[in-house]
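Quick note on this note's numbering: the sequence shown kicks off at 29 and runs consecutively.
To start, the structure under review is shown below, and the notes come after it.
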Amino acid sequence: MTREAWQELVDVDQLAAWMDSRGLEQGPIADASPLTGGTQNLLLRFRRGDRQFVLRRPPPHPRMDGTATMQREARVLGALAGTRVPHARLIAGCDDKTILGAGFYLMEPVEGFTPTGPLPAPFVEHADYRQRIGLAMAEAIAELAAVDYVAVGLADFGKIEGYLERQVGRWLSQLEGYRDYPGWPGPAGIPGTESVGTWLEANKPATFQPGIVHGDYHLANVMFQHERPELAAIVDWELATIGDPLIDLGWLIATWPDADGAGIVPKLEASPWDQFVRADELIECYAQTSRRDLSDLRWYTVLACYKLGILLEGSYARACAGKAPMDVGLSLHAATLRLFERAQNWMESR
């Protein structure tokens, strides 16, 4: 995002006045610079006084209520304070749209990198550093699942009743909704949609232990320290809810690159890939960290493939209708096909 673009979203004088009202340092806002990332939300790092801040606010035309999304993210970050879950520390949130045109929040900067694409030199030089990436990610979601969501104030953060029962119908409805896009070939263009959905309905777990769910847990939504293989933060909490945390483990497995490092989903791969752990090692690590019953894990991994495949197909449907670039649509459609293939492989595994 260019300087001009973020200035349209952040009135620094308004922001400074609001910070004054909260006692958050004094003086001009300096060294403001947008941070890059895979999200459409604005991340702006700046300095005020002797303190560094990162502001997060929604884009000008968010697909959902951007202020509500910021409120939910800020609430999760605030709830995680004092837990063992790596996260950016919340400083303050604001749901008053008159300040910046939408809700926003401030958090502490996280020093680190996202482990996708070429890795930094220490991780290239040390194979054991690369091995730790996956293990640290598995340990982190095990820690997240262990948080007492009631004790940290998130008892009303999600609808637990019928959570697993809603999953297939919710995402099948999303898929059927793509028929509104002219030119989209329909579910028939995705082999396995019916069989995967039927299998999920027939095999869903009878019960689950509720907990905090990140909702989009993969390589691009974590940050590691630059010089050592320690997870600095889990990021992008916009899909967080209270549900079944095993979905996060299923999501991690569903998006984990193949043995040769080829990503199932575009941009979710790292290089070099040798010495990264395998998916079964992620599961073993989670099992050693968590007390949760993993006997139904296959179901959660198939569900993750099903849900993510349907989400990605939406870009292809929009591309067919001329509402998105076709090269992007085709790339994501190919990822959908791979995810459904992976789902069927998990269905057949024992």
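Ideal placement from N, C-alpha and C gives every residue a C-beta, glycine not left out.
Checklist entry - If R85 sits next to F132, beta carbons under 8 Å apart, how far is it from one beta carbon to the other, in whole angstroms? => result To locate residue 85, count along the sequence shown from 1; it is residue 57. To locate residue 132, count along the sequence shown from 1; it is residue 104. Right, the Cβ-Cβ distance comes to about 4 Å (below 8 Å), so this counts as a contact.
Checklist entry - Cα separation between A179 and V113? => result For the purposes of this step, residue 179 is identified with residue 151 of the sequence shown, where counting begins at 1. For the purposes of this step, residue 113 is identified with residue 85 of the sequence shown, where counting begins at 1. One C-alpha to the other measures close to 15 Å.
Item to check | Under 7 Å between C-beta atoms of D124 and T95 | outcome: Here residue 124 refers to the residue found at position 96 of the sequence shown. Here residue 95 refers to the residue found at position 67 of the sequence shown. Not closer than 7 Å, so no.
Checklist entry - Sorted by chain position, which residues of the same chain lie with C-beta nearer than 8 Å to S299's C-beta, five sequence neighbours on each side aside? => result For the purposes of this step, residue 299 is identified with residue 271 of the sequence shown, where counting begins at 1. Answer for S299: G145, P146, L147 and G289, listed in chain order.
Next on the checklist: So within the stretch 48 to 99, which uninterrupted beta strand (DSSP E) runs reach at least 3 residues, ignoring any that extend past its ends?
Outcome noted: 57 to 62, 70 to 76 and 79 to 85
Next on the checklist: Here's the rule: buried if 16 or more other CB atoms are within 10 angstroms of the residue's CB, otherwise exposed. What is M354?
Outcome noted: For the purposes of this step, residue 354 is taken as the residue at position 326 of the sequence shown. So M354 counts as exposed.
Item to check | C-beta contact flag for H115 and A332 at 7 Å | outcome: For the purposes of this step, residue 115 is taken as the residue at position 87 of the sequence shown. For the purposes of this step, residue 332 is taken as the residue at position 304 of the sequence shown. No, these two residues do not count as a Cβ contact at 7 Å.
Item to check | Three-state secondary structure (DSSP) of M29 | outcome: Translated into the one-based positions of the sequence shown, residue 29 becomes position 1. Low confidence applies here, because M29 scores a pLDDT of 49, under 50, leaving its location unreliable; read the following figure in that light. Residue state, collapsed to three classes: coil.
Item to check | Which residues DSSP lists as bridging S299, in chain order | outcome: Numbered from 1 along the sequence shown, position 271 holds the residue referred to as residue 299. Answer is P146.
Checklist entry - With 16 other CB atoms within 10 Å as the buried threshold, where does E229 fall? => result What you label residue 229 is simply residue 201 of the sequence shown in a count that begins at 1. Classification for E229: exposed.
Item to check | The alpha helix (DSSP H) enclosing F368, as first and last residue numbers | outcome: For this step, residue 368 is matched to residue 340 along the sequence shown. Element bounds for F368: M354 to E376.
Next on the checklist: Pop quiz: L72 and W34 are said to be a contact at Cβ under 8 Å. What is the actual Cβ separation, rounded to whole angstroms?
Outcome noted: Taking the first residue of the sequence shown as 1, we reach residue 72 at position 44. Taking the first residue of the sequence shown as 1, we reach residue 34 at position 6. Indeed they touch by this definition, with Cβ atoms about 6 Å apart.
Checklist entry - Quick one: is A170 buried, meaning 16 or more other Cβ sit within 10 Å of its Cβ, or exposed? => result For the purposes of this step, residue 170 is identified with residue 142 of the sequence shown, where counting begins at 1. Its Cβ being crowded by 16 or more others within 10 Å, A170 is buried.
Item to check | Exposure of A361, with buried meaning 16 or more beta-carbon neighbours within 10 Å | outcome: Along the sequence shown, read from residue 1 onward, the residue named residue 361 stands at position 333. It should be pointed out that residue 361 corresponds to His in this sequence rather than to Ala. Looking at its Cβ environment, which holds 16 or more other Cβ atoms inside 10 Å, H361 is buried.
Checklist entry - Below 7 Å between beta carbons: does that hold for K232 and L277? => result The residue labelled residue 232 in the question sits at position 204 within the sequence shown. The residue labelled residue 277 in the question sits at position 249 within the sequence shown. The answer is no: Cβ separation not under 7 Å.
Next on the checklist: Suppose you measure from the CA of D184 to the CA of R100; what does that come to, to the nearest Å?
Outcome noted: By one-based count along the sequence shown, residue 184 stands at place 156. By one-based count along the sequence shown, residue 100 stands at place 72. Distance between the alpha carbons of D184 and R100: 11 Å.
Next on the checklist: Using the Cβ count rule (16 or more neighbours within 10 Å means buried), how would you classify A371?
Outcome noted: Counting from 1 along the sequence shown, the entry for residue 371 is found at position 343. Per the 10 Å Cβ criterion, buried.
Checklist entry - In three-state DSSP terms, what is Y344? => result Locating residue 344 in the sequence shown gives position 316, where the first residue counts as 1. Helix, per DSSP.
Checklist entry - For A172, which of W227, E153, G110 and T126 has the nearest alpha-carbon? => result As a first step, residue 172 must be located in the sequence shown, where it is residue number 144. At residue 172 the sequence reads Leu, which differs from the Ala that was named. Here the closest residue by C-alpha is G110.
Checklist entry - Which class does A130 belong to by DSSP, given the choice of helix, strand or coil? => result Position 102 of the sequence shown, counted from the first residue, corresponds to residue 130. A130: coil per DSSP, three-state reduction.
Item to check | Sequence-distant residues of its chain with Cβ nearer than 8 Å to W212 (five each side left out) | outcome: Here residue 212 refers to the residue found at position 184 when the sequence shown is read from its first residue. Contacts found: Y206, Y344, A345, C348 and A349.
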